[in-house]
Amino acid sequence: MSSQIPRPLMDSDSQPFWEGLKRQELMIQRCDECHQHIFYPRVLCPHCFSDKVAWTQATGRGHIYSYTVVHRAFGPFSDQVPYVVAIVELDEGVRMMTRIVGDREAIKIGVPVEVIYEKVDDELLLPYFILR
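Going by my numbering, 1153 is the number at position 91 of the sequence shown; the sequence numbering is gapless.
Here you go:
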C-alpha cells in the first residue's frame, strides 16, 4: 500500500483504537451504564448519553451488512482498484466501514467475516476483513 494515502485523525478520543491496532487487537467502546457497544469512538454513549464508556477488545468477527466494489478511484487509491468497501456488522452489534479482501466473487451481504490487520507503514495498521 502506498504511504501517500490520507492519514486518519488520531485524536485523544480514538487513541485506544489506534493503539489496539498496533497490537493487532480490534478495540471498541462499551457503555458501563447501558452495556451497549459503541463504534466509532466517542466521549458519550449514543444510546443513553452516559459518559461512562470503557474500551474492550472486540471478537473481530461479524458479517457483511453492505458493500460496493470500487472500479474507479482517483489520487492515491487509483492504483488499488478494484477493491471492496463494506459496512461490517461486528458480533458486538456495531457497524464499521472497512475493506474486504479476498475473492470478490464470494462476497455477499450476510457472509461471515473476520478481521485482519493491513500494514500501511511502520506507524499504521488498518482493520480489513476476510471471508470466514
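We put the CB at the ideal spot given by N, CA and C, even for glycine.
Since we're looking at a predicted model, the values are computed, not measured.
As the crow flies, the alpha-carbon of residue 1109 is around 9 angstroms from that of residue 1100.
By the beta-carbon neighbour count (other beta carbons within 10 angstroms, threshold 16), residue 1177 is buried.
For the options 1166, 1119, 1111, the alpha carbon positioned closest to that of residue 1130 is the one of 1166. In the same chain as residue 1170, and ignoring 5 residues on each side of it, the C-beta atoms closer than 8 angstroms to its own belong to 1126, in chain order. In this structure, the CA atom of residue 1135 is about 20 angstroms from the CA atom of residue 1191. By the C-beta density criterion, residue 1106 is exposed, having fewer than 16 other C-beta atoms within 10 angstroms. Distance between residue 1067 and residue 1111, taken at the CA atoms: about 34 angstroms. Beta-bridge annotation (DSSP): residue 1157 is paired with 1151. In the structure shown, the three-state DSSP call for residue 1078 is helix. For residue 1167, the three-state secondary structure derived from DSSP is helix. Annotated as distal: residue 1122 and residue 1175, with beta-carbon spacing of 7 angstroms or more.
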